[in-house]
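So the structure is just underneath, and the comments pick up after that.
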Amino acid sequence: MPRNFPHTLSLLLLALLAGPAVVAVATEPPTIDFNPMAEDPRIPEREVVYTYPPRSADLLLDALEQDEVELRLGAIAALLTMHDHEALEQMQLSDFADRMANLAADIEQRAAVRAAAVDALARLDRYEALGEALQRGGLTRHATLIADRALAEAGWSAAAGIWVRRLGDEDAGNSVRASALDSLAAVDAIGEVEQLCRDLLMQPGAAFEVRMAAAKALGATIPTEAPALARPLHDGDRVGQLLSVQLLDDAATTEARELLVQLIEEATAPVALRAAERLEAHAPDHLEPLHDALIERDDPGLRAIAAGSIVRHASDEVPGELGELLDDPVPQVRKTARRALWDWAHMANSDDRLEALRQWLEARLDEGGTWRQLEQWALLSGEIETLPAAESIADLIEHERFEVRRAVGWALRRLDDQATFPAMQQRLEDLVELLHEREDPEVDPRDRTGDDVSNRWLIEEAAALIQTLTLIGHDPVWPLCERIVRNKGDYNHLLPVRDNTVRHAAAWALGHLPEDHDRRSAIADMLEGRLGDESDDDPEDIRVRIFAAISLGRLDSDAHTATLEEYADHPGYHADLAWSCRWALEQITGEPVDPIPPREQAPTLFLRPPR
């Protein structure tokens, strides 16, 4: 997989914000995929073709006339499924829409049927009928919200009068009044109720949901007046502060930005986080003086915002400033800080900053740190190819924390330093031996406790090392992989659910044997045996069989095409195995093989009896 890809637009914008001395480099950090098997080759999603019994649409339309509520609801759901798969003829679709309009507007109908009809009209884009249903009233809260959202997204301003009247009805529910405000704002009709919005905003007794909708509508409609409205709320309780942040959503004026900064410094974490998100989106420069304060906050979202802001300003002190966040207890914050360091190293127009980061990482690895720091330092070293740090990273291959060992395996794969290969091979052999010792067929896996999690980690680590040593071409890995695949009974009872991940990885690895390997033919024969093992008492794991087929294709094994053809023609038996055999045959013969036919599926149309 190539290590450099076209950079995202976000990094370009980040560089432009940082100033004229910073330019974006057309690279992005490599994807940290601890499981390369997931990339190679991908088993495609099998196409599904939906089939319907003859006259099913007519029968369903007739069912809409029945009195039984569940029968009507089932028919509506089934007809919508047919609509989604374009299985309704134009006349049937028109009939369905007309019937839904009648049901939605009929206030004598059961509430559940009207709600289902409203949902159907929204999906059918029948806005006039939705407006009529709203006008008549009597809809459930859920149905009202569905209709509001559909009409607002369509810009259906003819419904503005309905929303204005509902907003003035204090007996209406809070959520539907708030929805009316959101809808009025969406169709640019908030001016008709601007004064009412101001009154609601300043009315402590009003529902919070309605007040927030009023703040959102006013902030978008009169952004220059928002600071004056926000000031008295800003000095109040947390509810008032949340309302003020909502008013200042666009941070459109200098005063608005100053108020948001004050909230970040003084308010509790939920308010401060919302204020910081507003500044990050609209006025990121205002976050620069707040870096130290944000890093010290308890909220991980604020610390993550600090990481992005620090790198945006591109100081030469970035590694030291972000170093503390690489030890953050929240994984997402650590990841954000690591990616920010990568961005910082690649935003300059020379290699000086990248080299400075490499030297900083080398020094940190030599000094040692917490397991979280070691995990992030190893990953970042692999991302920016810090080759002098390879041996220091290899020394961590037996670290007590699985997270560190996994990061080390990925980093060493990237660094590809021969001096580290023996350490990885030894660790893999130790893991395989340990897993073999823990294997105990006499113990029911459902009775296992205590070691299940650590066993899973050991299995994942062994699989990752197999793949790492395979991709870097370390010859001693082949005999070990052959032994793992050949011994079918091993490594299968370590988890509550039978697991063959180590054997999957080993079967995959054997497909990468060098062309001059002296056991290439014998290993291909063994893989064919694994592919065809359908014994009644202990059949081979299906994933091992799939990877055996893929590896036979990679080994270009002409002698085994008959077995591949046998399983390639049975997509009904197991589509993934059939596809893998067809892929392998294409690699061997060079001739395209017909794709697996789509799977026909008849959706459940009828019509469950009432419970």
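Under the working numbering, think of the first position of the sequence shown as 88, with each following residue one higher. From the three backbone atoms N, C-alpha and C, an ideal C-beta is built for every residue, glycine too. In this text the structure is predicted, and so the values were computed from the model without any measurement.
C-beta atoms of residue i and residue j nearer than 7 Å
{"i": "I484", "j": "A510", "result": "yes"}
{"i": "L221", "j": "A234", "result": "yes"}
{"i": "L160", "j": "A192", "result": "no"}
{"i": "V136", "j": "P685", "result": "yes"}
{"i": "V564", "j": "L558", "result": "no"}
{"i": "L381", "j": "L389", "result": "yes"}
{"i": "A506", "j": "E478", "result": "yes"}
{"i": "L545", "j": "L567", "result": "no"}
{"i": "R488", "j": "W458", "result": "yes"}
{"i": "L412", "j": "V420", "result": "yes"}
{"i": "A338", "j": "L350", "result": "no"}
{"i": "L441", "j": "T473", "result": "no"}
{"i": "A662", "j": "G640", "result": "no"}
{"i": "T650", "j": "E615", "result": "yes"}
{"i": "V263", "j": "R285", "result": "no"}
{"i": "R344", "j": "P371", "result": "no"}
{"i": "R425", "j": "G469", "result": "no"}
{"i": "A174", "j": "Y139", "result": "yes"}
{"i": "L346", "j": "H321", "result": "yes"}
{"i": "G496", "j": "L552", "result": "yes"}
Buried or exposed by the 16-neighbour rule on C-beta atoms within 10 Å, applied to residue i
{"i": "Q328", "result": "buried"}
{"i": "Q153", "result": "exposed"}
{"i": "N761", "result": "Shown here, the chain extends from 88 to 698; a query on residue 761 therefore has no answer."}
{"i": "R325", "result": "exposed"}
{"i": "D608", "result": "Sequence check: residue 608 is Ser here, not Asp. Exposed, since its Cβ has fewer than 16 Cβ neighbours within 10 Å."}
{"i": "I683", "result": "buried"}
{"i": "Q460", "result": "buried"}
{"i": "G224", "result": "exposed"}
{"i": "S331", "result": "buried"}
{"i": "Q554", "result": "buried"}
{"i": "L521", "result": "exposed"}
{"i": "D623", "result": "exposed"}
{"i": "S270", "result": "buried"}
{"i": "G677", "result": "exposed"}
{"i": "Y660", "result": "exposed"}
{"i": "T311", "result": "exposed"}
{"i": "R298", "result": "buried"}
{"i": "M178", "result": "exposed"}
{"i": "N574", "result": "exposed"}
{"i": "S541", "result": "exposed"}
Beta-bridge partners of residue i, as assigned by DSSP
{"i": "E687", "result": "V136"}
Residue i versus the options, residue with shortest Cα-Cα distance
{"i": "V274", "options": "R236, A259 and D256", "result": "R236"}
{"i": "L151", "options": "I351, T231, F183 and D120", "result": "F183"}
{"i": "R630", "options": "W595, D645, R252 and T557", "result": "W595"}
{"i": "D439", "options": "R425, D403 and L597", "result": "D403"}
{"i": "R444", "options": "L283, E408 and D372", "result": "Strictly speaking, residue 444 in this sequence is Leu, with Arg absent from that position. Of the listed residues, the one whose Cα sits closest to L444 is E408."}
{"i": "H170", "options": "R186, A144 and N189", "result": "A144"}
{"i": "S244", "options": "D663, A276, T231 and C284", "result": "A276"}
{"i": "D127", "options": "T308, G395 and A636", "result": "A636"}
{"i": "E367", "options": "L232, N122 and I392", "result": "I392"}
{"i": "Q674", "options": "P658, R573 and G598", "result": "G598"}
{"i": "A302", "options": "A265, A611, A207 and P141", "result": "A265"}
{"i": "V200", "options": "D212, R186 and L211", "result": "R186"}
{"i": "M124", "options": "F634, W666, E653 and D645", "result": "F634"}
{"i": "I699", "options": "E687, A689, Q688 and P658", "result": "The structure shown does not extend to residue 699, since the chain is modelled only from 88 through 698, so no value can be given for it."}
{"i": "L146", "options": "L166, E454, R133 and Q282", "result": "L166"}
{"i": "Q290", "options": "L316, G278, A267 and E279", "result": "L316"}
Residue range of the alpha helix (DSSP H) that includes residue i
{"i": "Q446", "result": "D439 to E454"}
{"i": "A192", "result": "Q177 to A192"}
{"i": "M169", "result": "V156 to D171"}
{"i": "S608", "result": "R607 to L618"}
{"i": "I629", "result": "I629 to R641"}
{"i": "K303", "result": "F295 to T308"}
{"i": "T648", "result": "T648 to A655"}
{"i": "A506", "result": "Premise fails: A506 is in no alpha helix (DSSP H) and is neither H nor E."}
{"i": "Q419", "result": "P418 to H433"}
{"i": "V263", "result": "N261 to A273"}
{"i": "Y214", "result": "Y214 to R223"}
{"i": "S396", "result": "P387 to R399"}
{"i": "G248", "result": "A247 to L254"}
{"i": "T118", "result": "No alpha helix (DSSP H) holds T118; DSSP gives it neither H nor E."}
{"i": "I277", "result": "Run containing I277: none; DSSP gives neither H nor E here."}
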